[in-house]
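See structure below.
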Amino acid sequence: MKQMSLFELQRRFPSEAAAIAWFENLIWSRTGRSCGHCGSVDTYRIQSRRPLPYRCRDCKRYFSVKTGTIMASSPLPVQKWVYAVYLDVTHPKGISSMQLHRDIGVCQKTAWFMLQRIRKVFAVRTGRRYAGPVEVDETYIGGKERNKHWRKRLGSNWPQGKTVVVGAKDRNTNRVSARVIPFRSKKELFGFINDHTDSNTMIYTDGASSYRGRKNHESVAHTRGEYVRGDVHTNGIESFWAILKRAYMGTWHYVSPKHLHRYLAEMTARHNMRGLDTMSQLERVAERMVGLRLTYEELIA
1 MKQMSLFELQ
11 RRFPSEAAAI
21 AWFENLIWSR
31 TGRSCGHCGS
41 VDTYRIQSRR
51 PLPYRCRDCK
61 RYFSVKTGTI
71 MASSPLPVQK
81 WVYAVYLDVT
91 HPKGISSMQL
101 HRDIGVCQKT
111 AWFMLQRIRK
121 VFAVRTGRRY
131 AGPVEVDETY
141 IGGKERNKHW
151 RKRLGSNWPQ
161 GKTVVVGAKD
171 RNTNRVSARV
181 IPFRSKKELF
191 GFINDHTDSN
201 TMIYTDGASS
211 YRGRKNHESV
221 AHTRGEYVRG
231 DVHTNGIESF
241 WAILKRAYMG
251 TWHYVSPKHL
261 HRYLAEMTAR
271 HNMRGLDTMS
281 QLERVAERMV
291 GLRLTYEELI
301 A
């Protein structure tokens with residue numbers, strides 16, 4: 001597994017032309033150059049490259065390699081997008097918009113929008129089910145009670161002030177999936193489990209009553225101090241929660257419930273890609289950019 005340093009990245013993408021050529025070769029390698037508006041391959045190059053470098057003979061519209069991808073309508077060069085993706089996938093706990101805006105020379109608002117679009121790419125699911133055994137657990141994301149003003153503390157009702165997240169880790173592949181759920185209930189938890197496993201997959205959980213009633217299920221009783229019983233434990237998914245919360249506290253500092261699902265997708269995707277070399281990670285993200293769109297109006301609505 002070869003990791004790429006910033007110096008190697010600069011040699012690989014020394015200019016905007018090099019970044020565009022890499023992206024074009026990657027997404028058009030199978031079908032050839034195609035229109036980002038209608039998908040037609042009957043296109044031609046505009047010598048002046050104005051208003052855009054290519055035009056479609058079918059829909060008569062101009063396009064570039066960014067058209068029809070998550071980068072559509074972005075005035076930023078492709079080279080900056082490559083650097084943003086690199087910085088995001090190579091930082092184990094992500095990168096903040098404040099840090100990104102300093103690193104690539106854009107304003108903080110632009111950096112935040114770029115990262116949210118990249119997170120939407122991370123959210124693309126493969127639809128693969130886990131063979132198991134699978135560890136399932138839930139956690140709560142939000143500020144600590146002791147950091148709140150005493151008038152705003154919820155006491156024993158502290159879960160009401162946080163966002164519930166459920167996750168699963170497949171021990172066979174070490175892949176992780178997670179989802180924001182409105183509340184912790186058997187319906188929500190079983191729905192998540194059924195989306196990621198088959199009925200005969202062995203599930204390991206803690207002793208929460210919401211998991212009871214499922215076949216091929218074993219649990220450990222954390223309330224009695226039992227955390228491991230042979231193969232029965234949830235240590236793997238709890239380790240992922242620890243990394244997620246370190247990113248929350250140390251990198252992002254605050255994430256609104258409205259956007260949490262994208263941050264969660266980023267963390268799970270980075271975890272699942274960690275066995276790949278850096279170029280393979282960049283290629284995987286770039287390939288999944290095609291066909292996605294996230295406008296700023298949609299983001300802040």
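Just so you know, the sequence shown maps onto residues 1 to 301 in the working numbering.
Backbone N, C-alpha and C define an ideal beta-carbon position, used for all residues, glycine too.
Being a predicted model, the structure only gives us computed values, none of them experimental.
If you ignore the 5 residues before and after H222, its C-beta comes within less than 8 Å of the C-beta of D206, G207, all in its own chain and listed in chain order. In this structure, the beta-carbon distance from C56 to S40 falls below 8 Å. Take R262, set aside five residues on each side of it, and the residues of its chain with a beta-carbon closer than 7 Å to its own are Q116, R119, K120, A123, in chain order. Residue D170 holds the alpha-carbon nearest to the alpha-carbon of R128 among K80, D170, M71, T234. Annotation for K215: no beta strand (DSSP E) segment contains it, and DSSP assigns it neither H nor E. The Cβ atoms of A168 and Q79 lie no closer than 8 Å to each other. Rounded to the nearest angstrom, the gap between the Cα atoms of Y211 and L276 is 34 Å. DSSP places V124 in the coil class of the three-state scheme, outside both helix and strand. In the DSSP annotation of this structure, the continuous segment of the alpha helix (DSSP H) that includes I104 starts and ends at 97-104. In this structure, DSSP gives K169 an extended state, which the three-state scheme calls strand.
Residue state for I181 is assigned as strand, using DSSP reduced to three classes. Short of 6 Å from the beta carbon of R175, and not among the five residues preceding or following it, lie these beta carbons of its own chain, in chain order: N272.
The residue among R151, W81, R214, S96 with its C-alpha nearest the C-alpha of K186 is R214. Secondary structure of Y263 (DSSP, three-state): helix. In the DSSP assignment, Y296 falls within the alpha helix (DSSP H) that extends over 296-300.
A distance below 8 Å separates the beta carbons of Y204 and E135. Between the alpha carbons of K2 and S209 lies a distance of about 45 Å.
Note on geometry: alpha-carbon atoms of L294 and R229 lie some 46 Å from one another. Judged by DSSP secondary structure, T139 falls within the beta strand (DSSP E) whose first and last residues are 134-141. Secondary structure note for I27: it is in no beta strand (DSSP E), and the uninterrupted alpha helix (DSSP H) holding it is 16-27. If you ignore the 5 residues before and after Y83, its C-beta comes within less than 6 Å of the C-beta of I104, all in its own chain and listed in chain order. Within its own chain, the residues whose Cβ lies closer than 8 Å to the Cβ of V290, once the five positions on either side in sequence are excluded, are I27, G68, T69, listed in chain order.
Per DSSP, the continuous alpha helix (DSSP H) segment holding R284 begins and ends at 278-288. Per DSSP, reduced to three states, the secondary structure at I118 is helical. DSSP places D206 in the strand class (E or B) of the three-state scheme.
Of the other Cβ atoms in all chains shown, 16 or more fall within 10 Å of the Cβ of Y86; this residue is therefore buried. A check of alpha carbon separations from W22 across E283, N172, A269, I300 identifies E283 as the nearest.
Of the residues assessed, D231 falls on the exposed side of the cut-off, its CB having fewer than 16 other CB atoms within 10 angstroms.
Every unbroken stretch of the alpha helix (DSSP H) spanning 4 or more residues and falling wholly within the stretch 30-93 is given here in chain order: 78-90. Taking the Cα positions, Y130 is about 38 Å away from R146.
By a beta-carbon distance limit of 8 Å, A242 does not contact K93. Their separation comes to about 11 Å.
For R11, the enclosing alpha helix (DSSP H) has its first and last residue at 6-12.
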